[in-house]
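Chains as they are written, first to last, in this note's numbering: chain X, 822 to 1256; chain F, 822 to 1256.
All C-beta atoms, glycine included, are put in the ideal place defined by N, C-alpha and C.
Structure first, then comments.
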């Protein structure tokens, strides 16, 4: 094991642009409010309303596992994995919240790498000082998955089919073993153990992250006190399995895919782009998508596609261009492996869903999105029913019974309400974590 | 114009298997109930409950248009189109109901070609003697679209990219002009005019058929008294346009597609199969799909896909096998042209949706499916609101105001409730047609 692990330097820096604006409004509204890691920061009187004035900074860390055995029994040498953290680990290491990321995400859950980064981590609206997942209280940590889709993103550290197999000196390609949600959990566990952590106050994840969160609670119930499953699922039913397969199919059809043996400089970029188009659409909802259409002045009857079967409508071009630009940092085989991990997901990865759910002792808060078209809210409703039943059984036998809660998200984004609209449940999340 | 047109011989024949069963039960329950085209038929006392005892027979007819000008201004020579009918045209030709078919359908809307056919036309539950669309009263006719997807089905007659271009002696391929819903309507009009028909009591269609039905009422308002739009849409919004594009993408990725210039014996069958998998899934709903999963004993954690990234779950295999078997009679380029026709659809195909809808004088009954994931019920709700507003405007100006009605379908099939579950609204449909 390498010595590369160290606690992230996490601190607040001033967002100068915002500060200038606030000063211009009224200097008298400003007050000293935050003291983070010994850095005095000028904030506004109402921290909740002025979080954007503070920039949470983080750094990608590297964790190396010399030998990792996968759920299906293969051994991987030199697994490299990235992770980030926000806030500080307390003395008894009891304030840890693990954030598990979604399919196209990575461990950049909050904050920025540099004050001038354009975007923050995807859940920056709920992770930070004074936010729902309060980094003044909690040490928040997130870990890149195996086979992370953004294999070529310099801010992601992952091991997957695009990685060099140390035994051959060549990329694994499809010789990389199938990996599962449990493997992602076990990699996270390795990171935590290196930090001396043996207990998680909570695991919180959206979508594929929700699978990891629930898997944590089932596989290692003694570790996990609380789970928040956002836009989630506790297993891949028949519908979900084939819906996920739709993302794999265009990659396998791309002639450049070459059964996964493509050259680094000639990847199946069109197949990967198509997969990303599909993912983007199903993760949204017509309510939002048609707003985009309006901004593009979408018309069904357009000149170019009316006269040329190969011409596209402008909304198709918009979706394609957006997907293509994202594809350049991603890897097609990695996408196939993530699809497979999700398809194989069964809470507890054992004999049955019932057995897997029965192992969970954690409190669970389920946060589906009412108009989710990817993991529809029936997933959360069914999980809620089963977990409540299990909790009632435990209460009847006088074992401590976990609390099972449910709060659905509204908004135009469909599945992505779990990312873009999550802050509407900031109070519910904060209260759940403080129980 | 050829002389190939003649009225279909449509008559009822006895379904011997059913009859044997009924006789075995009790001969005394049988009574003479139906007299159709001079043929005495033994039926049961309650025709509604015993329709399956009678087989409505039909024959595919051929209509030839020597020169057809498409909406976008191209001229096609020798357009061959199939059609079917059920029931009899009355003397003043005032009893015509046109059925417009859906994306993967054709003019086989009801009945059988032979008494021993396994399956009947797709809407056999509502078309036939004594049924909601009563062939004792109405002359029901349906027409294959241009570029019908089942180009190689002996029971379909269509002209599209797979047809031989009479000018070159070779298949059109992508030199076939883009065709639109209006073109489908104009082909149907040609068939009707050859039969001396100048008026439609109703146009009734599901999905892509609903587009044709509503287009009829907007393009030729003097023709159409009533429209029934089932699981329908009055235009392709941004969401629908890119959702449809998902079906085109795998075909274009298939290396055998060759920019549409594939050989007849080497078609892009994998791309076409993928498209059909996507269509099948989005046209269903998890409620039904997961029932199929149960019959297959679907488990997320299966041995083969856990150990081999190229192995599939059995539900994926089920969907693939089903799609592949359908693909053999279909044509990939035809699918692309149908996608495009739907993407371009705007009621009236003019300046705006509002202008197109304002031209409609017909009564309109909208029948969406509440859990439709392909053309979600917001399409019908929005159309209902706009058509009601237009009707109110007409009523205020003392013009005759059409009746606009709405009845939603329930059931596990999602979009396909409009086909598989349509008979739940038999009474509403029958009453609407009799108003």
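Under the DSSP definition of a beta bridge, which residues are partnered with residue i?
i: residue 1042 of chain F; result: DSSP, once it has assigned bridges, lists no residue as partnering residue 1042 of chain F.
i: residue 949 of chain F; result: F:955
i: residue 883 of chain X; result: X:903
i: residue 889 of chain F; result: F:897
i: residue 1186 of chain F; result: F:1049, F:1226
i: residue 963 of chain X; result: X:905, X:920
i: residue 1120 of chain X; result: None, per the DSSP bridge assignment.
i: residue 1167 of chain F; result: F:1056
i: residue 933 of chain F; result: F:878
Buried or exposed: where does residue i fall if 16 or more other Cβ atoms within 10 Å of its Cβ makes it buried?
i: residue 990 of chain X; result: exposed
i: residue 1033 of chain X; result: buried
i: residue 1043 of chain F; result: exposed
i: residue 1248 of chain X; result: exposed
i: residue 984 of chain F; result: buried
i: residue 988 of chain F; result: exposed
i: residue 1240 of chain X; result: buried
i: residue 1154 of chain F; result: buried
i: residue 857 of chain F; result: Low per-residue confidence applies at residue 857 of chain F: pLDDT is 23, beneath 50, and the placement is therefore not dependable enough to give any value.
i: residue 1214 of chain X; result: exposed
i: residue 1133 of chain F; result: buried
i: residue 1217 of chain F; result: exposed
i: residue 1076 of chain X; result: exposed
i: residue 850 of chain F; result: Bear in mind that the predicted position of residue 850 of chain F carries a pLDDT of just 27, short of 50, making it unreliable; the figure below should be weighed with that in mind. Exposed.
i: residue 842 of chain F; result: Bear in mind that the predicted position of residue 842 of chain F carries a pLDDT of just 28, short of 50, making it unreliable; the figure below should be weighed with that in mind. Result: exposed.
i: residue 1084 of chain X; result: exposed
i: residue 1066 of chain X; result: buried
i: residue 974 of chain F; result: buried
i: residue 935 of chain F; result: exposed
i: residue 1023 of chain F; result: buried
i: residue 1206 of chain X; result: exposed
i: residue 911 of chain F; result: exposed
i: residue 1152 of chain X; result: buried
i: residue 1102 of chain F; result: buried
i: residue 1185 of chain X; result: buried
i: residue 1118 of chain F; result: exposed
i: residue 1237 of chain X; result: buried
i: residue 1091 of chain F; result: buried
i: residue 882 of chain X; result: buried
With distances taken from CA atoms, which of the options is nearest residue i?
i: residue 968 of chain X; options: X:962, X:928, X:940; result: X:928
i: residue 1116 of chain F; options: X:1237, X:1041, X:1059; result: X:1059
i: residue 986 of chain F; options: F:899, F:1163, F:1135; result: F:899
i: residue 1200 of chain X; options: X:945, X:1054, X:974; result: X:1054
i: residue 1220 of chain X; options: X:1025, X:1009, X:1181, X:1013; result: X:1181
i: residue 1210 of chain X; options: X:1250, X:1179, X:1056, X:1038; result: X:1179
i: residue 1135 of chain X; options: F:1057, F:1144, F:1020, F:1090; result: F:1057
i: residue 964 of chain X; options: X:1052, X:1158, X:1157, X:1025; result: X:1025
i: residue 1004 of chain F; options: F:1237, F:886, F:1174; result: F:886
i: residue 1093 of chain X; options: X:955, X:1068, X:1049, X:951; result: X:1068
i: residue 1089 of chain F; options: X:1086, X:1074, X:952; result: X:1074
i: residue 1246 of chain X; options: X:1036, X:1187, X:1224; result: X:1187
i: residue 1137 of chain X; options: F:1121, F:921, F:1164; result: F:1164
i: residue 949 of chain F; options: F:1029, F:876, F:1222, F:1156; result: F:876
i: residue 1251 of chain X; options: X:930, X:958, X:1052, X:1145; result: X:958
Following a CB-centred definition, is residue i positioned closer than 7 angstroms to any heavy atom of the ligand COA?
i: residue 1061 of chain X; result: As presented, the structure is devoid of all ligands, the ligand COA included, so that no description of it is given.
Report yes or no: is there a C-beta of chain B within less than 8 angstroms of the C-beta of residue i?
i: residue 924 of chain X; result: Looking for chain B here will not work: the only protein chains present are X and F.
For the segment 1103 to 1116 of chain F against the segment 1100 to 1109 of chain X, are there 3 or more C-beta pairs whose distance is under 8 angstroms? Judged by Cβ distances under 8 angstroms, the segment 1103 to 1116 of chain F makes no contact with the segment 1100 to 1109 of chain X, as fewer than three pairs qualify.
Closer than 8 angstroms is the cut-off here; do at least three beta carbon pairs connect the segment 1116 to 1136 of chain F with the segment 1091 to 1107 of chain X? no
At least 3 beta-carbon pairs within less than 8 angstroms: the segment 894 to 913 of chain F vs the segment 969 to 986 of chain F: yes
Is there contact between the segment 1181 to 1201 of chain F and the segment 1227 to 1237 of chain F, where contact requires at least three CB pairs shorter than 8 angstroms? yes
Taking one C-beta from the segment 928 to 947 of chain F and one from the segment 886 to 900 of chain F each time, how about it: are there three or more such pairs within less than 8 angstroms? no
Count the C-beta pairs between the segment 955 to 968 of chain F and the segment 988 to 1007 of chain F that are closer than 8 angstroms, then say yes if the count reaches three, no if not. yes
Contained alpha helix (DSSP H) runs [length at least 4] in the segment 976 to 1057 of chain X, N- to C-terminal order: 1002 to 1015, 1029 to 1040
Whole alpha helix (DSSP H) elements within the segment 1069 to 1141 of chain X, 4-residue minimum: DSSP runs (the alpha helix (DSSP H)) wholly in the segment 1069 to 1141 of chain X: 1090 to 1103, 1107 to 1116, 1124 to 1128.
What runs of the alpha helix (DSSP H), each 4 residues or longer, lie entirely inside the segment 1195 to 1224 of chain F? 1199 to 1217
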